[in-house]
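There are 2 protein chains.
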Amino acid sequence: MNNNKKSNMTNIWCMVPMREKTLTMDTLNPQVKAVEYAVRGPIVLKAGEIERYLEEGGTKPFSEVIKANIGDAHAMGQQPITFLRQVVALCTFPELMDSPSFPEDAKWRARRILQGCGGHSLGSYSASPGVECIRKDIAAYIEQRDEGVPSDWENIYLTTGASDGIMTILRLLVSGKDSSRTGVMIPIPQYPLYSAAISEMDAVQVNYYLDEDNCWALDINELHRAYQAAKQHCQPRVICIINPGNPTGQVQSKKCIEEVLHFAYEENLFVMSDEVYQDNVYAPDCQFHSFKKVLYEMGPEYFSSVELVSFHSTSKGYTGECGFRGGYMEVINMDPEVKAQLVKLLSVRLCPPLAGQAAMDVIVNPPQPEEHTFKQFHQEKSSVLGALAEKAKLTEQILNAVPGIKCNPVQGAMYAFPRIFIPPKAVEEAKALGMQPDMLYCLRLLEETGICVVPGSGFGQKDRTYHFRMTILPSIEKLNVLLGKVRDFHISFLKEYSGLE
Amino acid sequence: MNNNKKSNMTNIWCMVPMREKTLTMDTLNPQVKAVEYAVRGPIVLKAGEIERYLEEGGTKPFSEVIKANIGDAHAMGQQPITFLRQVVALCTFPELMDSPSFPEDAKWRARRILQGCGGHSLGSYSASPGVECIRKDIAAYIEQRDEGVPSDWENIYLTTGASDGIMTILRLLVSGKDSSRTGVMIPIPQYPLYSAAISEMDAVQVNYYLDEDNCWALDINELHRAYQAAKQHCQPRVICIINPGNPTGQVQSKKCIEEVLHFAYEENLFVMSDEVYQDNVYAPDCQFHSFKKVLYEMGPEYFSSVELVSFHSTSKGYTGECGFRGGYMEVINMDPEVKAQLVKLLSVRLCPPLAGQAAMDVIVNPPQPEEHTFKQFHQEKSSVLGALAEKAKLTEQILNAVPGIKCNPVQGAMYAFPRIFIPPKAVEEAKALGMQPDMLYCLRLLEETGICVVPGSGFGQKDRTYHFRMTILPSIEKLNVLLGKVRDFHISFLKEYSGLE
Numbered sequence: 029m030n031n032n033k034k035s036n037m038t039n040i041w042c043m044v045p046m047r048e049k050t051l052t053m054d055t056l057n058p059q060v061k062a063v064e065y066a067v068r069g070p071i072v073l074k075a076g077e078i079e080r081y082l083e084e085g086g087t088k089p090f091s092e093v094i095k096a097n098i099g100d101a102h103a104m105g106q107q108p109i110t111f112l113r114q115v116v117a118l119c120t121f122p123e124l125m126d127s128p129s130f131p132e133d134a135k136w137r138a139r140r141i142l143q144g145c146g147g148h149s150l151g152s153y154s155a156s157p158g159v160e161c162i163r164k165d166i167a168a169y170i171e172q173r174d175e176g177v178p179s180d181w182e183n184i185y186l187t188t189g190a191s192d193g194i195m196t197i198l199r200l201l202v203s204g205k206d207s208s209r210t211g212v213m214i215p216i217p218q219y220p221l222y223s224a225a226i227s228e229m230d231a232v233q234v235n236y237y238l239d240e241d242n243c244w245a246l247d248i249n250e251l252h253r254a255y256q257a258a259k260q261h262c263q264p265r266v267i268c269i270i271n272p273g274n275p276t277g278q279v280q281s282k283k284c285i286e287e288v289l290h291f292a293y294e295e296n297l298f299v300m301s302d303e304v305y306q307d308n309v310y311a312p313d314c315q316f317h318s319f320k321k322v323l324y325e326m327g328p329e330y331f332s333s334v335e336l337v338s339f340h341s342t343s344k345g346y347t348g349e350c351g352f353r354g355g356y357m358e359v360i361n362m363d364p365e366v367k368a369q370l371v372k373l374l375s376v377r378l379c380p381p382l383a384g385q386a387a388m389d390v391i392v393n394p395p396q397p398e399e400h401t402f403k404q405f406h407q408e409k410s411s412v413l414g415a416l417a418e419k420a421k422l423t424e425q426i427l428n429a430v431p432g433i434k435c436n437p438v439q440g441a442m443y444a445f446p447r448i449f450i451p452p453k454a455v456e457e458a459k460a461l462g463m464q465p466d467m468l469y470c471l472r473l474l475e476e477t478g479i480c481v482v483p484g485s486g487f488g489q490k491d492r493t494y495h496f497r498m499t500i501l502p503s504i505e506k507l508n509v510l511l512g513k514v515r516d517f518h519i520s521f522l523k524e525y526s527g528l529e
Numbered sequence: 029m030n031n032n033k034k035s036n037m038t039n040i041w042c043m044v045p046m047r048e049k050t051l052t053m054d055t056l057n058p059q060v061k062a063v064e065y066a067v068r069g070p071i072v073l074k075a076g077e078i079e080r081y082l083e084e085g086g087t088k089p090f091s092e093v094i095k096a097n098i099g100d101a102h103a104m105g106q107q108p109i110t111f112l113r114q115v116v117a118l119c120t121f122p123e124l125m126d127s128p129s130f131p132e133d134a135k136w137r138a139r140r141i142l143q144g145c146g147g148h149s150l151g152s153y154s155a156s157p158g159v160e161c162i163r164k165d166i167a168a169y170i171e172q173r174d175e176g177v178p179s180d181w182e183n184i185y186l187t188t189g190a191s192d193g194i195m196t197i198l199r200l201l202v203s204g205k206d207s208s209r210t211g212v213m214i215p216i217p218q219y220p221l222y223s224a225a226i227s228e229m230d231a232v233q234v235n236y237y238l239d240e241d242n243c244w245a246l247d248i249n250e251l252h253r254a255y256q257a258a259k260q261h262c263q264p265r266v267i268c269i270i271n272p273g274n275p276t277g278q279v280q281s282k283k284c285i286e287e288v289l290h291f292a293y294e295e296n297l298f299v300m301s302d303e304v305y306q307d308n309v310y311a312p313d314c315q316f317h318s319f320k321k322v323l324y325e326m327g328p329e330y331f332s333s334v335e336l337v338s339f340h341s342t343s344k345g346y347t348g349e350c351g352f353r354g355g356y357m358e359v360i361n362m363d364p365e366v367k368a369q370l371v372k373l374l375s376v377r378l379c380p381p382l383a384g385q386a387a388m389d390v391i392v393n394p395p396q397p398e399e400h401t402f403k404q405f406h407q408e409k410s411s412v413l414g415a416l417a418e419k420a421k422l423t424e425q426i427l428n429a430v431p432g433i434k435c436n437p438v439q440g441a442m443y444a445f446p447r448i449f450i451p452p453k454a455v456e457e458a459k460a461l462g463m464q465p466d467m468l469y470c471l472r473l474l475e476e477t478g479i480c481v482v483p484g485s486g487f488g489q490k491d492r493t494y495h496f497r498m499t500i501l502p503s504i505e506k507l508n509v510l511l512g513k514v515r516d517f518h519i520s521f522l523k524e525y526s527g528l529e
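Sequence lines, in order, name chains F and Y.
Per this note's numbering, the first sequence starts with residue 29, numbered consecutively.
Per this note's numbering, the second sequence starts with residue 29, numbered consecutively.
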């Protein structure tokens with residue numbers, strides 16, 4: 029039956045009619061259309077174009093594009109932690125167990141992980157919540173981190189990076205057809221995974237604004253305000269916290285965390301605590317407090333009732349192993365029947381990547397002082413974290429010396445989120461072009477200097493304030509050059525749009 | 029403010045009141061509740077319980093649980109392909125480039141992959157669609173597989189296993205608030221990822237039944253019937269095909285594929301072709317035909333218009349690398365604007381795991397006859413595929429010799445899906461227990477023999493027919509024992525419920 033058609037058609041290839049497609053912008057799931065994800069948005073596509081243009085011999089006022097848009101440490105030249113890679117390589121190719129160039133400390137960890145894998149192979153599926161011995165190591169790590177607060181390994185679920193865990197938990201909470209009545213409280217500015225997930229699930233984004241004038245601290249009164257306002261049109265069910273903050277770099281005080289947990293308790297909110305930067309604290313007067321430990325210290329009434337999920341990842345900290353897509357979540361006080369539903373949902377995707385699970389295991393079970401590998405491991409770790417602390421300080425100092433830029437201290441995480449003054453003339457020009465003023469600013473910065481940063485509008489900000497997010501990950505030398513270029517660009521941008529040129 | 033409460037509470041831990049939870053079975057997203065995933069369902073949880081019981085010294089009529097429920101080759105003792113693991117280990121720990129025990133063929137591949145990674149590290153994020161050189165290798169592989177049919181690397185998207193790709197494409201197609209009017213045509217029996225995804229997205233599952241009496245072939249008339257019936261209550265927009273079939277083991281003929289594509293063309297359906305078992309064809313009279321190649325051969329009217337996505341994976345074939353979560357999809361004729369939306373959606377999850385991408389690269393770019401590593405690679409590959417072919421035949425033969433079991437030939441993939449006769453008395457007993465008759469059967473099989481297989485009801489089957497799915501992955505010796513036990517169990521089950529005992 030097709031043969032006739034076929035022979036008719038082969039001669040008239042050029043006459044093939046334009047047939048309407050099944051999947052078009054009109055028929056596409058509108059919730060997908062609504063998703064925005066600035067960290068890899070239009071500015072990053074533009075950066076890619078410029079990179080290709082340079083590669084093909086094109087010329088620009090700069091020789092390379094510096095991608096300060098994403099927390100991708102290795103891409104910025106950070107070296108992997110040797111011990112972590114040794115363990116994962118041993119798991120991948122167990123013949124290396126016979127190699128004298130691999131340390132015994134790494135070998136026994138690799139053996140132990142493989143013992144937990146089906147057929148002793150990284151190529152088998154794990155149970156959907158992850159390899160059992162890795163879950164146990166994570167629980168032990170959490171107990172140590174939280175100075176004895178108990179952690180049950182059956183509450184630990186390995187994930188494909190933290191993003192996967194966050195999406196999964198939101199999927200449980202955002203209620204199908206009623207989605208547009210489910211409120212999800214998120215900080216503004218926020219990491220745009222949250223807004224993207226909320227759009228995709230058609231839930232209601234409930235913004236609570238962080239206090240820029242107070243180092244981006246979370247203000248409990250603002251939380252109350254946001255909640256009460258949201259209750260007029262939806263049912264807020266979950267509060268998301270990012271601590272240390274992305275993009276703000278703020279590290280929350282214990283008192284602040286207590287207030288949030290008390291609020292969640294009073295209002296019956298499910299707490300999602302994004303703690304992927306827990307090892308990235310630089311300011312000497314700041315310390316990471318886990319939501320779980322603070323909850324425990326608030327007493328049994330709280331610790332036995334507030335539903336809390338905390339997320340961690342291999343991608344940040346001192347390892348920066350983004351490509352392994354490793355992570356975990358600890359789930360506290362979840363209804364046992366709901367937990368069974370969570371396991372079912374995870375099982376549809378089978379399991380997180382085993383190499384990422386192995387990488388996570390090294391992070392929670394690193395070399396101990398009595399082990400031979402400790403010294404090198406400790407040196408590498410300190411070197412990464414020391415450099416990050418230095419870069420955090422440097423970034424804040426240089427940016428604050430620029431007229432029209434104000435940058436809060438980078439207390440933790442991997443980003444600066446400076447406020448930039450954009451002259452009214454530039455704001456008008458942007459509006460005429462149908463873009464956000466900080467998008468215009470960042471596009472100009474990219475085109476004139478090759479520096480790729482993300483407009484503040486991608487993270488959310490108060491009306492008529494403008495920011496950008498940049499990572500502090502480039503090497504000190506490169507960061508110095510980068511910040512110098514930002515300063516020069518900013519001054520000339522101000523001049524241009526203030527009519528001083 | 030909390031301190032008072034805290035000191036009050038610490039003394040009355042035991043008196044903590046039961047506070048209502050935020051997330052309960054009543055408030056859980058009902059679409060999550062609706063999800064079913066038999067491959068890791070209740071029978072597998074039961075198998076885990078029995079395993080733990082045995083480990084703790086409990087006794088059963090058997091000494092081990094054999095998990096024939098999931099296509100997890102390495103867990104069943106299949107050895108990894110050496111060359112693949114060498115390349116991934118080199119990428120993970122590039123210091124091994126200096127090791128004389130790694131072949132040059134593996135080293136240059138690893139170097140090339142790392143060249144394509146940010147900072148030359150597997151620890152950096154890749155572009156969301158995957159590492160560029162790997163996408164190019166995949167396109168070259170497809171062109172070779174399809175004897176010259178062009179493949180554009182920009183149509184290739186790496187995924188986190190095939191499941192991730194399938195979910196992502198369905199997410200584009202199933203239209204938000206209108207979801208319950210979007211029909212997704214799937215074969216029955218099917219791989220339950222499809223029904224799970226449809227439940228989660230609240231779309232309409234449109235069943236087309238495969239023809240058991242004709243080796244589970246797809247019958248075009250049945251496709252028309254299912255489509256017309258579905259049109260009464262929804263808009264069928266997509267047709268899913270699994271070829272070679274899971275769980276059926278059927279390999280589709282070229283004629284059959286032409287008919288499906290013609291049907292999709294006429295009815296404007298988006299085609300999702302799950303081709304993860306493309307390397308797993310055993311029957312001498314069968315051959316894998318890719319949907320894309322057949323579409324091409326139908327002429328430009330078809331090849332330039334039918335929207336088609338094909339999925340592949342590292343988890344199956346001769347590598348069986350499930351734990352790496354590698355995979356890709358090739359997207360044909362997708363509207364360019366929709367493609368941009370796809371990239372945006374993928375970017376929210378950042379990227380698929382890099383080790384899985386590297387594993388995928390080895391599969392599409394294996395050692396060539398002129399390379400030193402070819403011989404060993406080829407031996408290992410042939411050994412795995414040869415054994416699978418033998419096991420496919422063995423399974424069919426032994427099962428068909430059992431009265432009350434009828435098994436179609438396992439032409440491809442990794443499973444047998446035999447039809448089992450269940451006596452009316454057993455059917456009644458199952459109904460009284462509120463379970464499917466084949467669930468009762470499989471639970472009894474597990475409890476009496478330690479063999480874990482999945483009831484046919486988890487995949488879908490015609491009313492009043494019963495099946496189970498078992499993998500053919502155990503070693504020949506183990507498979508012989510397993511099939512013998514199934515035979516003995518079946519005979520005694522028949523006796524028991526036919527009142528002959």
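Glycine is no exception: its CB is placed at the ideal position from the N, C-alpha and C atoms.
Being a predicted model, the structure only gives us computed values, none of them experimental.
- Chain Y places a beta carbon closer than 7 Å to that of F/T52, counting this residue as a contact.
- Taking a 10 Å sphere around the C-beta of F/M362, we find 16 or more other C-beta atoms and assign the residue as buried.
- With a cutoff of 7 Å on beta-carbon distance, Y/I500 and Y/M442 are scored as near each other.
- Following the DSSP letters along the chain, one finds Y/N235 inside the beta strand (DSSP E) bounded by residues V232 to Y237.
- Listed in chain order, the beta strand (DSSP E) runs fully inside the region 273 to 311 of chain Y are 298 to 302, counting runs of at least 3 residues.
- For Y/Q256, no Cβ of chain F is located within less than 7 Å of the residue's own Cβ.
- Judged by beta-carbon spacing, F/I166 lies within the 7 Å limit of F/V392, meaning their Cβ atoms are closer than that value.
- Against chain Y, the beta carbon of F/P272 has no neighbour under 8 Å; the closest one sits roughly 19 Å away.
- DSSP, read as helix, strand or coil, puts F/R137 in helix.
- At a Cβ-Cβ threshold of 7 Å, F/V304 and F/V337 do not count as neighbours.
- In the three-state scheme derived from DSSP, where H, G and I count as helix and E and B as strand, Y/I226 is classed as helix.
- The C-beta of F/P108 comes closer than 7 Å to at least one C-beta of chain Y.
- The three-state secondary structure of F/Q263, taken from DSSP, is strand.
- The continuous beta strand (DSSP E) containing F/P215 extends over residues T210 to I216.
- For Y/R80, the number of other beta carbons within 10 angstroms of its own is below 16, and it is reported as exposed.
- By the C-beta density criterion, Y/L416 is buried, having at least 16 other C-beta atoms within 10 angstroms.
- With respect to F/H102, Y/G151 sits close: the two C-beta atoms are nearer than 7 Å.
- F/A429 carries a coil assignment under DSSP once its states are collapsed to helix, strand and coil.
- Counting only Cβ-Cβ distances below 9 Å, F/R209 has no contacts in chain Y at all, with the closest Cβ about 12 Å away.
- Inclusion of F/L522 and F/G432 in the CB contact set at 7 Å is warranted, their separation being smaller than that value.
- Below 8 Å, enough C-beta pairs join the region 310 to 324 of chain F and the region 274 to 286 of chain F to call them touching: three or more.
- The DSSP-derived three-state label of F/T196 is helix.
- Here F/I504 carries a helix assignment [DSSP, helix/strand/coil].
- Y/I109 counts as buried, since no fewer than 16 other beta carbons sit within 10 angstroms of its beta carbon.
- In this structure, F/K434 sits near F/R447, with a CB-CB distance shorter than 7 Å.
- With a beta-carbon spacing of about 13 Å, Y/Y324 and Y/Y293 fall beyond the 8 Å limit used to define contacts.
- Closest by C-alpha distance to Y/H340, out of Y/Y219, Y/D206, Y/S375 and Y/M357, is Y/M357.
- A straight line joining the alpha-carbon of F/T477 with that of F/V514 spans about 8 Å.
- For Y/L186, the enclosing beta strand (DSSP E) begins and ends at I184 to T188.
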